[in-house]
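As they're listed, the protein sequences go chains H and L.
The first sequence begins at -12 in my numbering and counts up one residue at a time.
The second sequence begins at 14 in my numbering and counts up one residue at a time.
These notes concern the structure reproduced below.
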Amino acid sequence: MAFASGYYKTNYFEDLCLIETRSRYICFFLLIAAVVFFPLVASAFLIDLAVQVFLALIGAVALMLLTGYAGQISLGHAGLVAAGAFTTAILFKEMNAPFLVTLPASGLMGAILGLIFGLPSLRLKGLYLALSTLSLHFIVIYLGAEYETQRGFATGILVDPPQIGPLIIEDARLWYYLLLIIDFLVIVFALNLVRSKTGRAWMAIRGRDVAAEAFGIKVARYKLIAFVLSSVLTSITGCLFAYYRGFVSVEAFSLFMTMEFIAMICIGGLGSILGAVMGTIFIVILPYLIDASVDLLSVPARLSTYMFAVKYSSFGLIMIIFLVLEPGGLVGIWQRLRDYFLLWPFKYKAVGR
Amino acid sequence: MQVTINIVVLGSLYCLICCGYVLIYRASRVLNLAHGEIMSLGAYFLFTVAVSFGPQPVISFILAVVMSLVLGLVIYQFLMKFMVGEAAFAAVLVTIAMGILLRGLTTLIWTSQDWYPLQYLGIENASHTLMGGAVVSTFGLVAIFSFVVLYAALFTGFKYTRWGLRMRAVGENPLFASQRGIKLHRYYAVSWALASFSAGAAGMIQACDSGLNPGMFHIGLKAFPVVVVAGLDSLAGVIPAAFIVALVEILAINYLSPQASEVAPFVVLLGMLLIRPWGLFGTKEELERV
């Protein structure tokens, strides 16, 4: 993983380390310190932004595992988020279930849906699979809407803030730390998973499923694992989303949400957890960046009604630019920059990249 | 009787929309997820032309149709051309991004208001009573008529003309086709233009029938199940598939709820994928190709 010159791995322990050199340790601890102390200095707006990033990050990592590593296309991600959110909301409304029940329940719901909609993947590939996951989206949204109208929550379902033991998580700072811990666990889990047997099997399937099968990889099994795992993580995002917003309604889970998740992993760079992190930060912050730049340019107020459309189209435009011109995504750019400065003033071209 | 008429009208509309998916897919193995947006753009073209030229329906329709034809060419020339030879997944993602861009631009230019092109065209959408007391609107009839004309033209075109033959060859095997001197880019561009043309026409008819707003692209998404039931690479399969999906949808409206009709086509899609993933008339080998 590391490319620092003069660094050689001499035993297996070093080969297993996630953080390899001392400078990386220093960077890692600086990063930890920065994110831990961030809410103490940041404004309420910035904390809200960070919480949004953390929320989306779980879903983006989940999609990255499924699409970026296992190579299975999914267009049903918003549907899975909705499934998690609705499981939480319904359990809360009907049985007044606490957070520690709804969270695993949402995960379980995700697992079931992942299993059901992973099953077609055993026969289908590529585009066909994308279409079957698209139908998952519409079916989940329909069921959610039916529940809303049947039970008389036509505008949406209100959810109270979660409670863990004596602690009620309502304050934005508490949310920040809760999600920080969850995100940290999810990322470490994902990083370890993709270099384990399962992750290697996924990458083999992504490369060529027939060849993977010839190597003795049980393709069907690993595809299903990818689907179930990704759905569980996504549904958990949905559960947290429901609690953070305090409000669940089908309108929030449009196809655009799926597109946002897909844009996160594409712009970040497929096949890299770091890419998922970078892409999530970029996509969540993008609309605010556009707002800020519009403020700087002092655009007349009557044009501000067009802001939504401007954000929407620039989102599509940026996605096109990345897909056509920089398929490696933000991670590709970052690696090139790093390689450049690592060996400056010499030219360096990584082998096989 | 009324139910039958509704099914026929909706089925014709689906046929008009779906032939675009199939044309592009057969030629270049790209599933165009921005089809709904292209369709609503066609309708917006009609609206713009109608507003600027006043009540001259024939000229307006011709101009709008030409504009959507050009739109397809432009999309291919400036965007999809770069995705030829890339992984199918990347190309599909580009069409998704293009859809978002087009939708954003549509809202930017025409706002998200409801528009009714008919009131600028100076024609009425009269309703006609058929035998048995069923009612059909003028543009419902137009939908049926243009579906019949378009499919007749496409089938004869593919079968008997040189261009049709070449397009089939490109779809069959692009490598061999280009080795025989067929210019791939030209035929890919033609498939995009034809798809955009037919989608635009469908959009115009739909807009004249029931107004126009950016939410229209949803019809394009609902047309997906039709293509899958047909088999992604089968133009002939679209016709029965469109009527099956229209049947299910209309029955869902009548006997379940309007909400259920939104999801009914997707239930059909899922069932089809489980039983016969390559569709009614698609080729089985197609499953391996994507």
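Yeah, the Cβ is synthetic: ideal placement off N, Cα and C, and Gly gets one too.
query: Chain-ordered neighbours of E185 of chain L on chain H, where CB pairs are closer than 7 Å; result: Simply none; closest approach about 19 Å.
query: Beta strand (DSSP E) segment containing T61 of chain L, residue limits; result: Note, T61 of chain L: premise wrong, no beta strand (DSSP E); alpha helix (DSSP H) at H48 to F66.
query: Contact set between E133 of chain H and chain L, taken where Cβ atoms lie within less than 7 Å; result: Q272
query: Where the segment 110 to 121 of chain H meets chain L: residues whose CB sits under 8 Å from a CB there; result: R110, L111, K112, G113, L114, Y115, A117, L118, S119 and L121
query: Contact the segment 47 to 65 of chain L vs the segment 207 to 223 of chain L: 3+ CB pairs below 8 Å; result: yes
query: Local conformation of T120 of chain H per DSSP, three classes; result: helix
query: Contact residues within the segment 144 to 155 of chain H, judged by C-beta distance below 8 Å to chain L; result: none
query: Cβ neighbours of A198 of chain H in the same chain (closer than 8 Å, five flanking residues each side left out); result: A191
query: Cβ pair count under 8 Å reaching 3, the segment 309 to 325 of chain H against the segment 252 to 270 of chain H; result: yes
query: Cross-chain neighbours of R116 of chain L in chain H, by beta carbon under 7 Å; result: Y299
query: Classification of F15 of chain H by the beta-carbon crowding that lies within 10 angstroms, buried from 16 upward; result: exposed
query: Proximity test, Cβ basis, 8 Å: I113 of chain L and chain H; result: yes
query: Assumed close pair V181 of chain H, V40 of chain H - CB separation to whole angstroms, cut-off 8 Å; result: That belief does not hold up - the Cβ atoms of V181 of chain H and V40 of chain H are roughly 21 Å apart, past 8 Å.
query: Cα-Cα separation, G266 of chain H to F237 of chain L; result: 29 Å
query: Contact set between A110 of chain L and chain H, taken where Cβ atoms lie within less than 7 Å; result: G303, M306, I307 and L310
query: Sub-8 Å separation of G49 of chain L and D127 of chain L beta-carbons; result: no
query: Any alpha helix (DSSP H) of 4 or more consecutive residues that is wholly inside the segment 171 to 254 of chain H; result: 184 to 194, 196 to 201 and 206 to 232
query: Spatial distance of L123 of chain H from G63 of chain H (CA atoms); result: 6 Å
query: Candidates L:L163, L:C28 and L:S140, of which the one nearest G153 of chain L by Cα; result: L:S140
query: Nearest-angstrom Cα separation, counted from L92 of chain L out to S300 of chain H; result: 15 Å
query: Cutoff 8 Å: P107 of chain H Cβ touching any chain L Cβ; result: yes
query: 3-residue-minimum beta strand (DSSP E) runs that sit fully inside the segment 133 to 162 of chain L, ordered along the chain; result: 140 to 142 and 148 to 150
query: Contact under 8 Å by Cβ, A404 of chain H with G225 of chain H; result: This structure leaves residue 404 of chain H out entirely; chain H is present only between -12 and 340.
query: Inter-residue spacing [alpha-carbon to alpha-carbon] between L324 of chain H and Y(-5) of chain H; result: 22 Å
query: Beta-carbon gap between L114 of chain H and A254 of chain L smaller than 8 Å; result: no
query: Sequence-distant residues of the same chain with beta carbon closer than 6 Å to M96 of chain L, five excluded per side; result: A104 and V107
query: Same chain only: Cβ atoms within 7 Å of R39 of chain L, ignoring 5 sequence neighbours per side; result: G184 and D246
query: Cα-Cα separation, A329 of chain L to S241 of chain H; result: For chain L, the structure presents residues 14 to 303; residue 329 of chain L sits outside this window and is missing.
query: Length of the line joining the Cα atoms of A(-11) of chain H and G194 of chain L; result: Low confidence applies to A(-11) of chain H: its pLDDT is 46, below 50, so where it sits in the model is not reliable enough to give any reading.
query: Rounded separation between T119 of chain L and I113 of chain L - CA only; result: 10 Å
query: K331 of chain H, buried or exposed, once every other Cβ within 10 Å from all chains shown has been counted against 16; result: Note on identity: in this sequence residue 331 of chain H is Trp, with Lys being the wrong assignment. Result: exposed.
query: Interface flag, I45 of chain H vs chain L, CB-CB below 8 Å; result: no
query: Entirely enclosed alpha helix (DSSP H) segments - the segment 52 to 134 of chain H, minimum 4 residues; result: 64 to 82 and 86 to 105
query: For T74 of chain H, the nearest candidate out of H:I277, H:Y230, H:L276 and H:I204 (CA to CA); result: H:Y230
query: Residues bridged to L225 of chain L (per DSSP); result: L:W128
query: Residues that F125 of chain H contacts on chain L, provided the C-beta gap is smaller than 8 Å; result: E275, V276 and F279
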